[in-house]
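Using the working numbering, read the sequence shown as starting at 6 and increasing by one per residue.
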Amino acid sequence: MKDSIQNLESERDKEAFLRDIESISEYNGIPFGRLEMYWESESKHLQIMRSQNGEALMLFRAFQCHFLDVAELLNTMWTSTCSQIILPFYKRNFIPNLLSAFHQLCASELAATHGYPMPAYTILRNVFDQLILISAAMQGITDFYKIEGCQLKKQLTEKESKKLRKATEYSVRKKMIGNASDLTSSTIYDLEYYDKLFDYEVHGARLTHGLALNWIQGDGLLALHPEYESTAANLYTIRLCEVTWLLHRLLPLYQNSAMVFPQEWAKKWCALDKLYKESLQFQAKHQLKKVSAAFIELVKEKFPFSEISRYPLEGQEIRDA
Numbered sequence: 006m007k008d009s010i011q012n013l014e015s016e017r018d019k020e021a022f023l024r025d026i027e028s029i030s031e032y033n034g035i036p037f038g039r040l041e042m043y044w045e046s047e048s049k050h051l052q053i054m055r056s057q058n059g060e061a062l063m064l065f066r067a068f069q070c071h072f073l074d075v076a077e078l079l080n081t082m083w084t085s086t087c088s089q090i091i092l093p094f095y096k097r098n099f100i101p102n103l104l105s106a107f108h109q110l111c112a113s114e115l116a117a118t119h120g121y122p123m124p125a126y127t128i129l130r131n132v133f134d135q136l137i138l139i140s141a142a143m144q145g146i147t148d149f150y151k152i153e154g155c156q157l158k159k160q161l162t163e164k165e166s167k168k169l170r171k172a173t174e175y176s177v178r179k180k181m182i183g184n185a186s187d188l189t190s191s192t193i194y195d196l197e198y199y200d201k202l203f204d205y206e207v208h209g210a211r212l213t214h215g216l217a218l219n220w221i222q223g224d225g226l227l228a229l230h231p232e233y234e235s236t237a238a239n240l241y242t243i244r245l246c247e248v249t250w251l252l253h254r255l256l257p258l259y260q261n262s263a264m265v266f267p268q269e270w271a272k273k274w275c276a277l278d279k280l281y282k283e284s285l286q287f288q289a290k291h292q293l294k295k296v297s298a299a300f301i302e303l304v305k306e307k308f309p310f311s312e313i314s315r316y317p318l319e320g321q322e323i324r325d326a
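In structure tokens:
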């Protein structure tokens with residue numbers, strides 16, 4: 006009986022709580038009326054961006070379909086034979102990290118198309134960094150223990166782990182996109198500019214502030230609702246294309262000696278890979294800073310994988326450096 010009374014009081018409290026929320030959020034007699042208008046602005050932004058940036062968004066959707074194909078192939082083709090193969094870091098790190106990158110790209114695209122291209126842009130920075138580390142691990146430049154700040158035979162303190170992670174990231178970036186990368190000097194320079202653009206937005210939202218310059222200078226109203234802005238949308242979709250291409254390049258590494266994807270999948274992978282390259286070649290022709298051209302070299306030299314590539318760490322024994 007006591008429990009029933011408490012439950013009834015709890016339901017009444019909940020109803021009162023919800024009524025209070027609706028009351029303070031009412032606009033023109035409609036609960037959450039202002040938010041309804043805001044959601045309409047998000048929907049309008051989605052429609053405009055699909056119209057103005059449709060090709061880039063369609064390319065991303067093609068990649069999403071291809072990634073989902075890979076996930077289905079992994080689930081249907083994985084056998085007990087695969088489990089008997091030595092695949093260090095494959096199930097614990099490689100596959101989950103690629104899935105995480107995919108989810109982040111999906112979240113980023115949703116945010117961008119609904120009116121938030123610059124916050125979405127910051128997500129791309131995280132994915133870019135993550136994929137650079139994964140590719141480095143696949144080529145033996147580092148390993149997932151170091152990436153995670155761990156050692157095989159020693160328990161590190163939190164401070165030691167953080168120090169190892171930072172040292173690993175610094176070393177990998179230097180070898181993948183920096184002065185020790187063996188990339189051309191012009192590509193290194195343009196990738197440094199690429200990195201700075203990410204930093205400007207991630208640390209202080211300085212690119213976003215630039216888009217609000219009219220209001221800051223007193224020449225216009227503060228744009229509160231999502232409004233399509235071509236500079237932000239174009240910047241985002243170009244970066245989306247570039248970063249997604251890196252993830253696409255890693256997908257063949259799902260394959261191993263006991264699990265090779267069908268020829269039809271390989272044809273689709275090659276076709277999509279070609280489309281990414283052609284898209285960036287087109288962008289490079291219209292850029293003062295040839296960032297997209299630098300990205301093409303980055304992909305060729307630092308993501309040197311193809312439809313016939315296999316998981317490169319297969320059969321290797323895990324050791325500390």
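C-beta atoms are modelled at their ideal positions from N, C-alpha and C, and glycine is treated no differently.
- Under the DSSP definition of a beta bridge, Met264 partners with Asn261.
- Taking a C-beta distance under 8 angstroms as the contact criterion, Leu245 and Leu129 qualify as a contact pair.
- For the options Pro101, Ile90, Phe99 and Asn131, the alpha carbon positioned closest to that of Leu110 is the one of Asn131.
- For Pro36, the secondary structure class from DSSP, reduced to helix, strand or coil, is strand.
- If you draw a straight line from the Cα of Leu303 to the Cα of Pro101, it comes to about 24 angstroms.
- Taking a contact to require three or more Cβ pairs closer than 8 angstroms, the segment 289-302 and the segment 188-201 qualify as touching.
- Contact fails between the segment 256-272 and the segment 144-157, because fewer than three Cβ pairs, one in each stretch, are under 8 angstroms apart.
- Residue Phe107 holds the alpha-carbon nearest to the alpha-carbon of Leu73 among Phe107, Leu138, Ala228 and Gln268.
- Distance from the Cα of Tyr281 is smallest, within the candidate group Leu252, Gln321 and Arg211, for Leu252.
- Scanning the segment 298-324 from its first residue to its last, no whole beta strand (DSSP E) run of 3-plus residues comes out.
- Counting every other CB atom within 10 Å of its CB across the protein chains shown gives Asp278 a total of 16 or more, marking it as buried.
- Sequence-distant partners of Ala61 (beyond 5 residues in either direction) whose C-beta falls short of 7 angstroms from its own C-beta, in its chain, are Thr242, Leu245 and Cys246.
- Within the model, the alpha-carbon separation for Leu40 versus Glu16 is close to 26 angstroms.
- The beta carbons of Trp274 and Glu312 sit about 5 angstroms from each other, so the pair counts as a contact at 8 angstroms.
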